[in-house]
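Take any residue in the sequence shown, note its place counting from 1, add 70, and you have its number in this note's numbering.
First the structure, in the form of structure tokens, and then the observations on it.
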Amino acid sequence: LSETDVDRVVEKLEEWRPALAIVDSIQTLYCQDLASGPGSVAQVRETGLRLIRWAKARHVPVFLAGHVTKDGSVAGPRVLEHMVDAVIYLESQEFGAFRILRSAKNRFGSTAEVGVFEMTGQGLVEVSDPSQVLLSQRHDRAIGSALAPVLEGTRPLLLEIQALTSPSQLPAPRRVANGVDYNRMLMLAAVASRRAGLELSGQDIIVSVAGGLSVREPAADLAVVLAIASSLHNKPLDSQMVAFGEVGLSGEIRPVPQAQRRVAEALRLGLDKCILPETGLENGEKPDGMHLAPVRTVRQAIQVALGSPRSRREVAEIQETG
């Protein structure tokens, strides 16, 4: 139905009695009883209210598609978000194939759940095992590549963090971040240079998340640093290794929530090594089949990841004395 008059829309819904209704978009509807134009605060509130009343009375789910602002929030009056039962965002990178469906509000469930979908020739298709899909194209022993178990809502995902360092020909070396917060990448590069001795001042640094996804949580900090170190030293990390932990300004590795779930996701995909914060596991139990390398600092993590025999002894001594 191509119609912008909300009263006509409600009449057709009453006539058809569909199992599901989708209105696209709420900002283009108008009510003839109001003098303001479509998209105004009064129009959005009134048209939304009439559709919600019909949905509640007929027990039919109604999806209201809406515009968003440049910062990603719902356009229009905030009262609309309070009126509806759920506010759901479908997010994607500009050229990424994956879409993340997450809820900012859910009156009847958790907002921590997310859905992962892939855009195909047949439309959006659910990705039941996104970690496996994301890692299927990864090359073994790739230089500048590190695996990070991150959480999207309550779902653990294994993402490949890629980094490339190259001697800069510019007075101010370039810093590029795709899928990683730019300012956080600058902070991690500064910590790696100052606290771990990496010579990055004359290097262009490019950091990207494979698959077109974005990393929001600081648990991926350690993987970003290890990917940069791998590229700088031109030495690959162990392809069976994952790393997670928040990096502080003094170079310490801080614990992150849900460490057990992150390790379990790595084990499920056949990975058997993990670099993590020293106090990372909540109950202190070591999962069967996983070799853990707890570290305190970025310097220790880089040494362990790049296979320095001395660093392994240093870490062992720290663990024995700790």
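C-beta atoms are modelled at their ideal positions from N, C-alpha and C, and glycine is treated no differently.
Source: prediction; values computed, not measured.
Rounded C-alpha distance that separates residue i from residue j
i    : j    : result
E188 : L194 : 6 Å
A112 : L150 : 11 Å
G185 : R172 : 7 Å
M257 : L319 : 8 Å
Y100 : L119 : 12 Å
G321 : S180 : 35 Å
D75  : L121 : 12 Å
V114 : A135 : 12 Å
R211 : P306 : 5 Å
F133 : A174 : 15 Å
Q97  : V203 : 37 Å
A89  : K82  : 13 Å
S162 : T117 : 29 Å
A375 : Y159 : 37 Å
I323 : G281 : 26 Å
S301 : T235 : 6 Å
E335 : A125 : 40 Å
Reduced DSSP category for residue i - H, G, I as helix; E, B as strand; rest coil
i    : result
A174 : strand
D77  : helix
R382 : With a pLDDT of only 40 at R382, under the threshold of 50, the placement of this residue in the model should not be trusted; the figure read from the coordinates follows. Helix, per DSSP.
S236 : strand
G392 : Only weak support is given to the placement of G392: the predicted model assigns it a pLDDT of 40, under 50, and the question is left unresolved by the model.
A31  : The structure shown does not extend to residue 31, since the chain spans only 71 to 392, so no value can be given for it.
A363 : strand
E387 : For E387, the predicted structure reports a pLDDT of 47, less than 50, and the residue's modelled location is therefore unreliable. A value from the coordinates is still provided. E387: helix per DSSP, three-state reduction.
T117 : helix
S227 : This sequence places Leu at residue 227; Ser is not what is there. Note: L227 maps to strand in three-state DSSP.
D94  : strand
L160 : strand
Enclosing alpha helix (DSSP H) for residue i [first to last residue]
i    : result
P154 : In the sequence on display, residue 154 carries Val and not Pro. Per DSSP, V154 belongs to no alpha helix (DSSP H) and is neither H nor E.
R245 : No alpha helix (DSSP H) contains R245, which is instead part of the beta strand (DSSP E) from 245 to 248.
E395 : In the structure as shown, the chain begins at 71 and stops at 392. Residue 395 is therefore absent and cannot be evaluated.
A259 : 252 to 266
A293 : 291 to 303
Run of the beta strand (DSSP E) containing residue i, from where it starts to where it stops
i    : result
I276 : 273 to 279
S215 : 215 to 222
V186 : 184 to 190
V195 : 193 to 196
V132 : 132 to 135
Beta-carbon separation (whole angstroms), residue i vs residue j, contact threshold 8 Å
i    : j    : result
L346 : G377 : That pair is no contact at about 17 Å.
V50  : A91  : Since the first residue of the chain shown is 71 and the last is 392, residue 50 is not available in this structure.
Paired residues, beta bridge with residue i - DSSP
i    : result
C344 : V312, L362
E84  : E84 is not bridged to any residue.
V317 : I323
V138 : V144
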